[in-house]
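**Q**
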Amino acid sequence: MRELRALEPDFWRAPSAHNTQPWTLTYTAQEVAVGWDPDRALPISDPTGRDLRLSLGAFVECCLIVCADAGLDVAFRADPGPLRVGFLHRAPEPYRTPFTTADVRARGVNRGGYHPGRLPAEVADRLTGVHRLPCRDLAGLLRAADLHQFGDPGVTRELRAWLRLTPRHPRYRLDGLTDRALELGAAQALGLRASLALHPVLRRLGLPRVLAAASGGLLDHDGDVLVLVGPVTEQVELGRTLMRHWLTLAGLGHTTHPLSQIIDCDRTREALADRLGVADPLTLLHVARVGRPKAPAARSARVRT
Numbered sequence: 003m004r005e006l007r008a009l010e011p012d013f014w015r016a017p018s019a020h021n022t023q024p025w026t027l028t029y030t031a032q033e034v035a036v037g038w039d040p041d042r043a044l045p046i047s048d049p050t051g052r053d054l055r056l057s058l059g060a061f062v063e064c065c066l067i068v069c070a071d072a073g074l075d076v077a078f079r080a081d082p083g084p085l086r087v088g089f090l091h092r093a094p095e096p097y098r099t100p101f102t103t104a105d106v107r108a109r110g111v112n113r114g115g116y117h118p119g120r121l122p123a124e125v126a127d128r129l130t131g132v133h134r135l136p137c138r139d140l141a142g143l144l145r146a147a148d149l150h151q152f153g154d155p156g157v158t159r160e161l162r163a164w165l166r167l168t169p170r171h172p173r174y175r176l177d178g179l180t181d182r183a184l185e186l187g188a189a190q191a192l193g194l195r196a197s198l199a200l201h202p203v204l205r206r207l208g209l210p211r212v213l214a215a216a217s218g219g220l221l222d223h224d225g226d227v228l229v230l231v232g233p234v235t236e237q238v239e240l241g242r243t244l245m246r247h248w249l250t251l252a253g254l255g256h257t258t259h260p261l262s263q264i265i266d267c268d269r270t271r272e273a274l275a276d277r278l279g280v281a282d283p284l285t286l287l288h289v290a291r292v293g294r295p296k297a298p299a300a301r302s303a304r305v306r307t
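Pasting the structure below:
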């Protein structure tokens, strides 16, 4: 257990919505319960817990990869309970994975510019459960989803709570979304801070349209969007799959930028499901643009370092 505790900083490199890092590890003599802190959930933005369960699955996969690379024979047993998804426990052999701790450390989100070009078919074919669409096909849905998101006072208030738009923020180096991670210059960060602070007043004057327009160019290029589709009941396991996808892409020089606001809005989620020919819109679990970044991204902050 001491060896496993020492690896926690690399476990914490798993991704999570708004970089909330909701995971908890509770140690006993024989196993470790994997759970979450409800204060780090997003009850307004993620009311069904979809993003929470995906992030917990990604965290489990990180734990197993890092343990295997350290020579520890560890496995995961799903066992949902109150604030818990399962247990890490001793196994008869190491977890079999092609990935290493170095891969976990190197993976990241990039919200900056991408080089034009589609994902090679041989790469896309390695990503199970994923649908691929041209970026421009979803530009209109992204604008509509952003307008919905910024028009909801509760969602905007929750987002604001996790933004770290100045290095003077007391949690700037711990969690949340920093100005550097969001690829914002000083003036842009200041403008966003002011806009969100005045959101209750400016919402009536068209602020949501202004904020939604700011992301209008994200999909206006020759690239791809990946949509993960799978059973609602298997979201933790699919979070593990998603982590493996991200590591595969990162190893080939690609990165991702989550755009799951498209499936957070009922209208745009249903439109996307119809476009993909998916019968149940709730099985759309994750959306991200993918490509080769023009510049490296800033590393996101972590509570455990």
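For the sequence shown, the positions run 3 to 307 when the working numbering is used.
Cβ atoms here follow ideal geometry from the backbone N, Cα and C, with glycine treated the same way.
#1: In chain order, what residues of the same chain lie with their CB nearer than 7 Å to the CB of GLY255, ignoring the 5 residues before and after it?
#2: Given this structure, state the Cα-to-Cα distance separating GLU236 from ALA189, to the nearest angstrom.
#3: What does a CB cutoff of less than 7 Å around ARG306 pick up in its chain, not counting 5 residues either side in sequence?
#4: In this structure, does DSSP put ASP127 in helix, strand or coil?
#5: On the three-state DSSP scale, how would you describe THR243?
#6: Tell me, please, which residues DSSP counts as bridged to VAL305.
#7: Excluding the 5 residues preceding and the 5 following ALA290 in the sequence, name in chain order all residues of the same chain whose CB lies nearer than 8 Å to its CB.
#8: Quick one, which of PRO122, THR99, GLY142 and THR22 has its alpha-carbon nearest ARG166's?
#9: Are three or more beta carbon pairs between the region 112 to 129 and the region 297 to 304 nearer than 8 Å?
#10: Write down the C-beta distance between THR285 and VAL238 rounded to the nearest angstrom, noting that I regard them as a contact closer than 8 Å.
#11: Under three-state DSSP, which class holds GLU95?
#12: Please state if the CB of LEU176 and the CB of ILE264 are separated by a distance shorter than 8 Å.
#13: Alpha carbon to alpha carbon, how far is GLY156 from ILE46?
**A** Answer, in terms of the structure:
#1: ARG294
#2: 42 Å
#3: GLU10, PRO11 and TRP14
#4: coil
#5: helix
#6: Its beta-bridge partners do not exist; DSSP assigns none.
#7: VAL227, LEU228, THR258, HIS259, PRO260, LEU261 and SER262
#8: THR22
#9: yes
#10: Actually they do not touch by this definition, with Cβ atoms about 15 Å apart.
#11: coil
#12: no
#13: 6 Å
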